Structures are given as structure tokens and as C-alpha cells.
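Numbering (this note's numbering), first residue to last: 2 to 130.
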């Protein structure tokens with residue numbers, strides 16, 4: 002476990018603490034869904050919020066903007082770590098390579114989403130009216 006935590010401990014895009022928190026949230030929601038499917042839960046139990054408050058709608062544009070911002074931050078961090086390593090500052094090469102790979106994977110995923118969106122747009126625009 003220490004090898005994994007050490008590789009992303011320099012403020013990586015996905016730290017172990019953040020992953021564990023996400024895992025706990027998923028498990029909590031999964032148990033809430035199980036309670037809901039058994040008929041023993043109220044809507045407030047399933048959502049984890051009081052029944053009086055409606056969930057705030059999330060727009061596609063906001064979701065895309067936050068995803069692109071995350072990719073940009075990962076690339077900026079990767080560039081900063083690489084520059085610090087090249088200047089001879091004391092930084093672990095494994096952390097630098099991990100940051101570069103995280104930035105690369107994030108960028109590739111963003112490109113794939115963009116390509117799928119463009120394909121869907123072209124398909125919709127070529128539909129007969």
C-alpha cells in the first residue's frame with residue numbers, strides 16, 4: 002500500500018484518500034439502493050437528503066467544463082513536475098512519470114469524448130427532416 006500512496010502522494014490527480022472517499026460513497030449509495038429495492042426506504046434515504054430538497058440539476062456544459070478543467074490541471078501539474086525534475090530539484094522520477102501518464106490518459110479520454118460528440122453532431126445534422 003505504501004508504494005501506491007507514495008506514487009500519488011505529491012498531489013496527484015487522483016490521490017488514494019480521494020479514491021477511498023469515492024469508494025465509500027459508492028458503497029453507501031449501493032446499500033441505499035438495496036434498501037430502496039426492498040421497499041424499506043423512503044426517497045430521502047435513497048438520495049441521502051431530506052425529502053423536501055430537490056436534487057440540483059447538473060448541466061452537460063458544467064460537467065464538461067469541470068472535466069476539461071481537471072485535465073488542464075493534471076497537464077499543468079505534469080509540466081511543473083517535469084520542469085522541476087529537469088532543473089535538478091529533488092523529486093522522485095516515479096512521481097514525475099505517474100503525473101505524466103495521468104495527464105496523458107486524461108487528455109486521450111478528452112479527445113475520445115470530443116470525437117464522439119463531433120460524430121453525434123454530424124449524424125444529427127445529416128438526418129433528413
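Think of the CB as a built atom: it goes at the ideal place given N, C-alpha and C, for glycine as much as any other residue. Being a predicted model, the structure only gives us computed values, none of them experimental.
For residue i, which three-state DSSP category applies?
i	result
residue 74	helix
residue 47	For residue 47, the predicted structure reports a pLDDT of 45, less than 50, and the residue's modelled location is therefore unreliable. The matter cannot be settled from this model.
residue 88	coil
residue 69	helix
residue 60	coil
From what residue to what residue does the alpha helix (DSSP H) around residue i run?
i	result
residue 38	17–38
residue 132	Because residue 132 is not part of the residues shown, which for the chain are 2 to 130, the question remains open.
Under 8 angstroms between the Cβ atoms of residue i and residue j?
i	j	result
residue 111	residue 59	no
residue 92	residue 85	yes
Margin query: Pairs of beta-carbons, one from the stretch 62–77 and one from the stretch 98–106, closer than 8 angstroms: are there three or more?
Written below: yes
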